[in-house]
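Trainee: Below is the structure I would like to discuss, written out as structure tokens.
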Amino acid sequence: MNSEQINSLVAQIEVRIAELESNLFPANSRSDNNSESQDADEKLSEAVNTHIQDKSLRELARLRANIDWLGGDDAGLCESCHEVIPYARLCAVPVTRLCVYCAE
4 MNSEQINSLV AQIEVRIAEL ESNLFPANSR SDNNSESQDA DEKLSEAVNT HIQDKSLREL
64 ARLRANIDWL GGDDAGLCES CHEVIPYARL CAVPVTRLCV YCAE
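Position one of the sequence shown corresponds to residue 4 (our numbering), numbered consecutively onward.
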């Protein structure tokens, strides 16, 4: 993988990180003037929101780790078989470190 491709992947990952962070940590995360119905809605959706947050936090950690990986000597190499991961796969699945064959 050449440096232009690595830079493109890093930029793509940084965009996704920014999206996740804006969803996880909004500027005005909670209003102090909630009505009772708003409070009830928040309680009903808390389990769903927690699951989504956990999934997003895991993705965020994997994306940050892949930025470090892309800066290293093993950038673009499958962690399992050490073959080159096609650039198109890395673009499609930026959190992967496995080629298609090893991911199955």
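A virtual CB, placed ideally from N, CA and C, is assigned to each residue, including glycine. Keep in mind that this is a model prediction, so the values were computed, not measured.
(1) Pick helix, strand or coil for L12, following the three-state DSSP scheme.
(2) Which residues bound the alpha helix (DSSP H) around A106?
(3) Apply the 10 Å Cβ neighbour rule to P97 and answer buried if 16 or more other Cβ atoms are within range, or exposed otherwise.
(4) For a test of the three-state rule: what should DSSP assign to V96, helix, strand or coil?
(5) From the DSSP output, read off the bridge partner residues of V87.
(6) Figure out for me which residue from D57, R100, S25, D42 has the closest Cα to the Cα of G75.
Mentor: In short, the structure shows the following:
(1) Counting from one through the sequence shown, the residue named residue 12 turns up at place 9. The three-state reading of DSSP puts L12 in helix, counting H, G and I together.
(2) Here residue 106 refers to the residue found at position 103 when the sequence shown is read from its first residue. A106 -> alpha helix (DSSP H) spans 103 to 106.
(3) In the sequence shown, counting from the first residue as 1, residue 97 sits at position 94. Counting C-beta atoms within 10 angstroms of its own C-beta, P97 has 16 or more neighbours from the protein chains shown and is therefore classed as buried.
(4) One-based indexing of the sequence shown puts residue 96 at position 93. In the three-state reduction of the DSSP assignment, V96 falls in the coil class.
(5) Taking the sequence shown and counting its residues from 1, the one referred to as residue 87 is at position 84. BP columns for V87 point to L80.
(6) In the sequence shown, residue 75 corresponds to position 72, counting from 1. Nearest C-alpha to G75: R100.
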